[in-house]
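Below: one structure, written as structure tokens.
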Amino acid sequence: MLQSSLYRIVRIFLVTLDFWFNTDLPESQVQRSDKPSQSIPSDLNSSSSAQQAERSSSNFEMKTWEEIYQEECLSFKASLETQARILRNDPESQGVDRINDVRKELISLSHQAERIKEAAFEMVDETPDSVYVRNATPEWLSSRFGDPQLEQVCISMEYSLDRPAFELRSDPSMDLMVAGHLEQMTDDIEMDFL
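As structure tokens, this is what we get:
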């Protein structure tokens, strides 16, 4: 437990340093709009935001934690495959410039591993009859003997994504090795999480 806390502190520090020196956000986190922003009167804004909150909460209630977990895992797996393909093939002929985009996306994916873990534990609490819960071993989700294996694997995945991101920063020629590592992680996700 102390080791995971120490890892998280170091990880937050390294990610913060990385973003200080590279202020570009990954394209997946940037929302672009062709329309100029318009000012909305405050009385209209509050009622429309309340309606939007109701709609978003009703949409959220329609999804079960099992669906959220599956969606997070599939999205994570697809993103890993995409980043590995970009590193292997350079589809847009960006050369070394693609390394920075992949590196930033890997850091974003390490945060998604935390969301997968949270969705899994919520799924265990809310829908214990889920297919994923029924197929899991007791050690995978239970905290009787220390941290559950799921939590340990997610922390390991976070580290396994942060480390190659920093390696790519220092040595862009590691792209094929990192691509192989991402492909192996994709296979592990398929086997362990889906």
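By the count of full-length UniProt numbering, the sequence shown reaches residue 194 at its end, each step adding exactly one.
For every residue, glycine included, the Cβ atom is placed at its ideal position computed from N, Cα and C.
DSSP-derived helix/strand/coil call for residue i
{"i": "M177", "result": "helix"}
{"i": "residue 221", "result": "This structure does not reach residue 221, given that the chain is present from 1 up to 194, and the question cannot be answered."}
{"i": "E184", "result": "Residue 184 is actually Gln in this sequence, not Glu. Reduced to three states, the DSSP call for Q184 is helix."}
{"i": "Q83", "result": "helix"}
{"i": "S170", "result": "helix"}
{"i": "Q70", "result": "helix"}
{"i": "Q94", "result": "coil"}
{"i": "S130", "result": "coil"}
Proximity winner among the options, relative to residue i (alpha-carbon distances)
{"i": "M177", "options": "V131, I99, S75, Q70", "result": "I99"}
{"i": "F121", "options": "W65, D187, L182", "result": "W65"}
{"i": "A113", "options": "D162, E67, P172, N89", "result": "D162"}
{"i": "D171", "options": "V96, P128, L74", "result": "V96"}
{"i": "R88", "options": "A78, L182, D188", "result": "L182"}
{"i": "A119", "options": "L150, I68, R169", "result": "I68"}
{"i": "K63", "options": "F76, E126, F166, S79", "result": "E126"}
{"i": "K117", "options": "L168, D101, F76", "result": "F76"}
{"i": "E151", "options": "S173, R115, L168", "result": "R115"}
{"i": "V102", "options": "D188, L74, L168, Q149", "result": "L168"}
Range of the contiguous alpha helix (DSSP H) that encloses residue i
{"i": "K63", "result": "Careful: K63 lies outside any alpha helix (DSSP H) and carries neither H nor E."}
{"i": "G110", "result": "Rather than Gly, the amino acid found at residue 110 in this sequence is Ser. Note, S110: alpha helix (DSSP H), 97-126."}
Residue i burial status per 10 Å Cβ neighbour count (16 or more: buried)
{"i": "K104", "result": "buried"}
{"i": "V153", "result": "buried"}
{"i": "Q94", "result": "exposed"}
{"i": "V124", "result": "buried"}
{"i": "D175", "result": "buried"}
{"i": "E72", "result": "buried"}
{"i": "Q70", "result": "buried"}
{"i": "M185", "result": "buried"}
{"i": "S164", "result": "Note on identity: in this sequence residue 164 is Pro, with Ser being the wrong assignment. So P164 counts as buried."}
{"i": "A179", "result": "buried"}
For the structure I just gave you, are there three or more beta carbon pairs, one from the stretch 107-120 and one from the stretch 149-165, closer than 8 Å? Look at the beta carbons and you see the stretch 107-120 touching the stretch 149-165: at least three pairs across the two are nearer than 8 Å.
Three Cβ pairs or more, each shorter than 8 Å: is that satisfied between the stretch 129-136 and the stretch 79-89? Taking 8 Å as the limit for Cβ pairs, the verdict is that the stretch 79-89 does not touch the stretch 129-136.
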